[in-house]
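Chains as they are written, first to last, in the numbering used here: chain A, 42 to 182; chain B, 488 to 723.
Glycine residues also receive a C-beta, built at the ideal position from the N, C-alpha and C atoms.
Since the structure is predicted, the reported quantities are computational estimates derived from the model, not experimental observations.
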Amino acid sequence: MQEITTFSSVETESLGERLAKQLKGGEVIALFGGMGMGKTAFTRGLSRGLEIYDGVSSPTFALVHEYHGKFTVYHFDMFRVTGWDDLYSTGFFDYLESGGVLVIEWSENIENALPEDAIRIEIQQGGNENERIFHIEGIEV
Amino acid sequence: MRILAIDSSATAASAALVEDGKVLGEFYINTRLTHSQTLMPMIDNVLGCTQSELSSVDLFAVSAGPGSFTGIRIGVASIKGLAMARNKPCVGVSTLEAMAYNLELTEGTICAVMDARCQQVYNAMFHISGGHLERITPDRALSIEDLAKECENYTKPLFLVGDGAKLCYNNQWFKNLKAVLPPEPLLYQRACGVAKEALTVYEQGGAVTPAALMPIYLRLPQAERELKKRLKGEKK
């Protein structure tokens, strides 16, 4: 378990970019943390680290966005997923087999379906408004 | 009777053209390429290489489930479209029954299993003797452990087949049952197995219109469990 604090959304993006350099393809990155914690900013940085310059935005309505770079990234938002049937019909289990990198916002909602070797990143609010504490498990940044 | 059959229910995909039981041609690939990129070229090639016109096909067949959500939808939608354009009948078969035909030559019990993730499988059991396949259970989803316990009661030898076969074979419960793992070429569902099952269904009057062809989803047994880990004191 690694703990890293960022002090702005720019720093959060940089952290994502650094983590991207460690990826080998096929990883599942489970993000935990509520509204405004920087999950999308982190994913934007991570995508940039994989040479993805398409607009990265939260897939709240589409459930999953697909970006192509060094690896294909499947960016999920599980906010509205409330049951196994919902999850099955997002194609989540098929994406696990795809060899791409999965980044999952609102992993809280599907915790029992996450692979055992998933990289887990929990984001908490720090002491100041723009301060975020990242608890990272499963990879060294 | 000429049947065009496809399977895209899991990682592998295949397309076959079968006439009166004879496999005129079959394409099979087992890569991580998406079915939306490979299935139509395979259908096109199996027709092209056998110098057959699409209009010569009498029946369109597909493995309609269980299987991967996107895979089943791609397969069913493809067959629906082809059959609708020609106004020909369709048959959607059980993926598990189609793969059981791989082991037609064996004697004993066939345990068809597909990986449904989280230690759960899609399964159906068949008795096989003298080339005659007899279904023992309906298609269902259950845990590997429950399946193994049930398998204690069936006639041996017990043959595994499907993309969950290795998963079960490496499980201690199945090791105790001395389950048999077939060689790789016989391990996964194939379009020619889909065609074989489709002919049986057709002869029993089970063909449907393209509009009536539907995917078959099985409810996952883990649906009984919570998907979300709840925090202490949090209300349901």
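Closer than 8 Å to chain A by CB, residue i
i, result
"residue 661(B)", "no"
"residue 713(B)", "yes"
"residue 693(B)", "no"
"residue 622(B)", "no"
"residue 653(B)", "no"
"residue 525(B)", "no"
"residue 605(B)", "yes"
"residue 555(B)", "yes"
"residue 518(B)", "no"
"residue 706(B)", "yes"
Same chain only: Cβ atoms within 8 Å of residue i, ignoring 5 sequence neighbours per side
i, result
"residue 120(A)", "101, 146, 147, 150"
"residue 45(A)", "56, 174, 175, 177, 182"
"residue 172(A)", "46, 47, 48, 166"
"residue 63(A)", "180, 181, 182"
"residue 58(A)", "86, 87, 89, 90"
"residue 488(B)", "506, 507, 545, 546, 686, 689"
Same chain, Cβ closer than 6 Å to residue i, neighbours up to 5 away in sequence not counted
i, result
"residue 69(A)", "143, 156, 159"
"residue 104(A)", "131"
"residue 491(B)", "504, 544, 547"
"residue 723(B)", "Any reading at residue 723(B) is ruled out, since the residue's pLDDT is 44, under 50, leaving its predicted position unreliable."
"residue 599(B)", "583, 586, 587, 611, 648, 649"
"residue 635(B)", "660, 661"
Residue environment, residue i, which counts as buried when at least 16 other CB atoms sit within 10 Å
i, result
"residue 51(A)", "exposed"
"residue 684(B)", "buried"
"residue 54(A)", "buried"
"residue 698(B)", "exposed"
"residue 532(B)", "exposed"
"residue 572(B)", "exposed"
"residue 554(B)", "buried"
"residue 84(A)", "buried"
"residue 76(A)", "exposed"
Neighbour flag for residue i against chain B, beta carbons, 8 Å
i, result
"residue 149(A)", "yes"
"residue 77(A)", "no"
"residue 64(A)", "no"
Close-in-space but distant-in-sequence residues of the same chain around residue i (CB under 7 Å, 5 per side omitted)
i, result
"residue 523(B)", "561"
"residue 603(B)", "609, 628, 707"
"residue 61(A)", "87, 90, 91"
"residue 514(B)", "501, 502, 529, 532, 533"
What ranges does the alpha helix (DSSP H) occupy inside the segment 93-136 of chain A, keeping only unbroken runs of at least 4 residues that lie completely in it?
Counting whole runs of 4 or more residues, the segment 93-136 of chain A contains the alpha helix (DSSP H) stretches 125-129.
Run through the segment 617-687 of chain B for me and flag every whole alpha helix (DSSP H) of 4 or more residues, listed as ranges in chain order.
Taking only runs of at least 4 residues, the alpha helix (DSSP H) segments lying wholly in the segment 617-687 of chain B are 631-638, 652-656, 659-663.
Inter-stretch contact at 8 Å, needing at least 3 Cβ pairs: the segment 606-614 of chain B / the segment 562-569 of chain B
No, they do not touch.
Where are the alpha helix (DSSP H) runs, 4 residues long or more, that stay fully inside the segment 511-593 of chain B, in chain order?
Fully enclosed alpha helix (DSSP H) runs of 4 or longer: 522-536, 556-573, 582-587.
Three or more beta-carbon pairs under 8 Å between the segment 667-674 of chain B and the segment 583-602 of chain B, yes or no?
With a cut-off of 8 Å, the segment 583-602 of chain B and the segment 667-674 of chain B count as touching, because enough Cβ pairs lie within range.
Between the segment 670-680 of chain B and the segment 571-586 of chain B, can you find at least three pairs of beta-carbon atoms closer than 8 Å?
The answer is yes - the segment 670-680 of chain B touches the segment 571-586 of chain B, with three or more Cβ pairs under 8 Å.
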